Amino acid sequence: MSTGERSELMITIRSFQRLIMRIRRAQWLMQLANRALKAGSDASLMDFGYSAEHIAHLRARMLSGQCPFGLSAFRRNQELIGRLQKEIDRLVSGAVA
Numbered sequence: 159m160s161t162g163e164r165s166e167l168m169i170t171i172r173s174f175q176r177l178i179m180r181i182r183r184a185q186w187l188m189q190l191a192n193r194a195l196k197a198g199s200d201a202s203l204m205d206f207g208y209s210a211e212h213i214a215h216l217r218a219r220m221l222s223g224q225c226p227f228g229l230s231a232f233r234r235n236q237e238l239i240g241r242l243q244k245e246i247d248r249l250v251s252g253a254v255a
């Protein structure tokens, strides 16, 4: 593998790793938002960066009996993390071979 190819590979792997970190952070914020909504803490949601419109949407979901950020959203994120990690593993194993 040439130096240029190795450099491109590392850039790709790092971008996937950054994406995984962003998804995990989003998951964490979604969990915090669910807790804050249950506690009635709109101020906390604003501190997390949620807009008033988004808070109103999440609260409406909660009042209709739905979880503001439901299990399916968390599941989709976990599946995406898994696919990205598999791709990283594939790229790394291909580089070593």
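Numbering (the numbering used here), first residue to last: 159 to 255.
Positions of the beta carbon are idealized from the N, C-alpha and C atoms, including for glycine.
In this text the structure is predicted, and so the values were computed from the model without any measurement.
- L167 is positioned such that its CB atom lies no closer than 8 Å to that of A231.
- Ranking I213, M159, L221, M179 by CA distance to the CA of L242 puts M179 first.
- Boundaries of the alpha helix (DSSP H) around M179: 161 to 197.
- With respect to Y208, A197 sits apart: the two C-beta atoms are not nearer than 8 Å.
- Excluding residues up to 5 positions away in sequence, L167, T170, I171 lie with their Cβ nearer than 7 Å to the Cβ of L249 in the same chain.
- Distance from R219 to P226 at the Cβ level is roughly 5 Å; contact confirmed, criterion being Cβ atoms closer than 8 Å.
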